[in-house]
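Everything below concerns the one structure shown next.
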């Protein structure tokens, strides 16, 4: 506009706002602080476990009640290591099929024919969930054990199932979570957790009338685990050999484990399953040896998960605990 003067005033460089990324020392300090927080919170749950139960010494483990053992074991399944513990129990059931005397019974009785395979797998998971999730004297736990005994007694009376086969199966459910957690989780189980597993599964064996004389003497849950591990390792070395029935049972169960995997990935899925087996089990099941890169991918991925959880993942809160059964029965019971 005519007659008007426009004055442009430059903003001094010193008054301009400056935005810069945090310096490396600040980022490193924040990361270390977070890692320290994760470690503190993760081990707080374990410290609470040792504080809340009266088992401070090795001698006191012999006095652990089955009720306490069930509660301690539940923390392993529901909050501390829910993913790995669940997979370990599934693998324990799968591993029993590497024993010809066990797979023979299941194949002979049609347990892997058609929909029977998925039904048996689901029924077994439900029964285990019921008697591991509830107090040993609760109606739900006692009914689950009674149901399991009824099913097993049909085969025991006819001589199809031996006491050794039942003891071996019991051993795997007691031991595989310990093994998988030691191999794939952010920490190993503590003595009080191991003693709880030993106490619980020993009590279950008693409820199932499974003889334990072959194990020799044991004083507490820890020594029970040691005894049953030694016995089961010897039993496995003697009896886990290849048989066509093993392969039938293994193929059917592998298909169940891969039911939600796209069909075109089933071949790769079988290789993943094989990568999780030890050599004796793989040969007994008739699975092909997986390529090195598949085994490396599986174990490498689990290793990354292990350290990511240890250093970066906050612990699972109780309100988000993983429950495999509902607190209240649904319409289907």
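Numbering (full-length UniProt numbering), first residue to last: 1 to 333.
All C-beta atoms in this analysis are idealised placements derived from N, C-alpha and C, irrespective of residue type, glycine included.
On a predicted model such as this, the values are computed, not experimentally measured, just so you know.
Inset, instruction - Kindly confirm or deny that the region 75-91 and the region 226-242 touch, where touching means at least three C-beta pairs closer than 8 Å. - result: no
Inset, instruction - With residue 88 as the anchor, note down where its alpha helix (DSSP H) starts and where it stops. - result: Here residue 88 refers to the residue found at position 88 of the chain shown. Element bounds for residue 88: 82-96.
Inset, instruction - Indicate the three-state DSSP secondary structure (helix, strand or coil) for residue 180 in the structure shown. - result: Position 180 of the chain shown, counting from 1, holds the residue named residue 180. Note: residue 180 maps to helix in three-state DSSP.
Inset, instruction - Could you check how far apart the C-beta atoms of residue 258 and residue 269 are, in whole angstroms? I think they sit under 8 Å. - result: As a working note, residue 258 is residue 258 in the chain shown. As a working note, residue 269 is residue 269 in the chain shown. So it is a contact: roughly 4 Å between Cβ atoms.
Legend entry - residue 186 beta carbon less than 8 Å from that of residue 400: Because the chain spans 1 through 333 in this model, residue 400 falls outside it and cannot be assessed.
Inset, instruction - Could you name the residues of the same chain whose beta carbon sits closer than 6 Å to that of residue 180, not counting the 5 residues immediately before and after it, in chain order? - result: For the purposes of this step, residue 180 is taken as the residue at position 180 of the chain shown. 84 and 88, listed in sequence order.
Legend entry - Assumed close pair residue 215, residue 174 - CB separation to whole angstroms, cut-off 8 Å: Mapped onto the chain shown, residue 215 falls at position 215. Mapped onto the chain shown, residue 174 falls at position 174. That pair is no contact at about 12 Å.
Legend entry - Where residue 62 sits in the DSSP three-state scheme: Here residue 62 refers to the residue found at position 62 of the chain shown. In this structure, residue 62 counts as helix in the three-state DSSP scheme.
Inset, instruction - Give the secondary structure of residue 148 by DSSP, where H, G and I count as helix, E and B as strand, and everything else as coil. - result: On the chain shown, position 148 is the one that residue 148 refers to. Residue state, collapsed to three classes: helix.
Legend entry - residue 52 burial status per 10 Å Cβ neighbour count (16 or more: buried): In the chain shown, the residue the question calls residue 52 occupies position 52. By the 10 Å Cβ count, residue 52 comes out exposed.
Inset, instruction - Enumerate in chain order the residues of its own chain whose CB-to-CB distance from residue 311 is below 7 Å, with the five nearest sequence positions on each side excluded. - result: For the purposes of this step, residue 311 is taken as residue 311 along the chain shown, with counting starting at 1. Hits under 7 Å: 35 and 38.
Legend entry - First and last residue of the uninterrupted alpha helix (DSSP H) at residue 130: What you label residue 130 is simply residue 130 of the chain shown in a count that begins at 1. That run of the alpha helix (DSSP H) goes 116-133.
Legend entry - Sequence-distant residues of its chain with Cβ nearer than 6 Å to residue 134 (five each side left out): Walking along the chain shown from the start, residue 134 turns up at place 134. For residue 134, where only same-chain residues beyond five positions count, the Cβ hits under 6 Å are 140 and 141.
Inset, instruction - State the CB to CB distance for the pair residue 254 and residue 273, rounded to an integer number of angstroms; the pair is presumed to be in contact (CB under 8 Å). - result: In the chain shown, residue 254 corresponds to position 254, counting from 1. In the chain shown, residue 273 corresponds to position 273, counting from 1. Right, the Cβ-Cβ distance comes to about 5 Å (below 8 Å), so this counts as a contact.
Inset, instruction - From the DSSP output, in three-state form, read off residue 136 for me. - result: By 1-based counting over the chain shown, the position of residue 136 is 136. It is coil, neither helix nor strand.
Legend entry - Buried versus exposed, by CB contacts within 10 Å (16 or more), residue 115: For this step, residue 115 is matched to residue 115 along the chain shown. Exposed, by the Cβ-count rule.
Inset, instruction - Please indicate yes or no: does the CB of residue 102 lie closer than 7 Å to some heavy atom of the ligand NAD? - result: With respect to the ligand NAD, the structure shown offers nothing to examine, as it has no ligands at all.
Inset, instruction - Kindly indicate which residue of 33, 190 and 137 has the alpha-carbon position closest to the one of residue 67. - result: Taking the first residue of the chain shown as position 1, residue 67 is located at position 67. Considering only alpha carbons, the answer is 137.
Legend entry - Limits of the alpha helix (DSSP H) - the one that residue 100 falls within: Position 100 of the chain shown, counting from 1, holds the residue named residue 100. 100-108 is the extent of the alpha helix (DSSP H) around residue 100.
Inset, instruction - Count the other CB atoms, across all protein chains shown, that sit within 10 Å of the CB of residue 220; report buried if there are 16 or more and exposed otherwise. - result: Taking the chain shown and counting its residues from 1, one reaches residue 220 at position 220. So residue 220 counts as buried.
Legend entry - At least 3 beta-carbon pairs within less than 8 Å: the region 197-214 vs the region 140-154: yes
Inset, instruction - Give the straight-line distance between the Cα atoms of residue 144 and residue 128, rounded to the nearest whole angstrom. - result: Along the chain shown, one-based indexing puts residue 144 at 144. Along the chain shown, one-based indexing puts residue 128 at 128. Their backbone Cα atoms lie some 8 Å apart in a straight line.
Legend entry - Proximity winner among 74, 158 and 117, relative to residue 94 (alpha-carbon distances): Taking the chain shown and counting its residues from 1, one reaches residue 94 at position 94. Nearest of 74, 158 and 117 to residue 94, Cα basis: 117.
Inset, instruction - Put residue 221 into one of helix, strand or coil per three-state DSSP. - result: Numbered from 1 along the chain shown, position 221 holds the residue referred to as residue 221. Helix, per DSSP.
Inset, instruction - Assign residue 35 to one of three DSSP states: helix, strand, or coil. - result: As a first step, residue 35 must be located in the chain shown, where it is residue number 35. Reduced to three states, the DSSP call for residue 35 is helix.
Inset, instruction - Just confirm the distance between the C-beta atoms of residue 98 and residue 245, as a whole number of angstroms; I'd bet it's less than 8 Å. - result: Stepping through the chain shown from its first residue, residue 98 is reached at position 98. Stepping through the chain shown from its first residue, residue 245 is reached at position 245. Between residue 245 and residue 98 the Cβ distance is about 10 Å, and since that is not below 8 Å, they are no contact.
Legend entry - Sub-8 Å separation of residue 302 and residue 168 beta-carbons: Within the chain shown, residue 302 is the residue found at index 302, counting from 1. Within the chain shown, residue 168 is the residue found at index 168, counting from 1. No; because the gap between Cβ atoms is not below 8 Å, this pair is not in contact.
Inset, instruction - Output yes or no for whether 8 Å exceeds the beta carbon distance between residue 275 and residue 298. - result: Taking the chain shown and counting its residues from 1, the one referred to as residue 275 is at position 275. Taking the chain shown and counting its residues from 1, the one referred to as residue 298 is at position 298. Going by C-beta atoms, residue 275 is nearer than 8 Å to residue 298.
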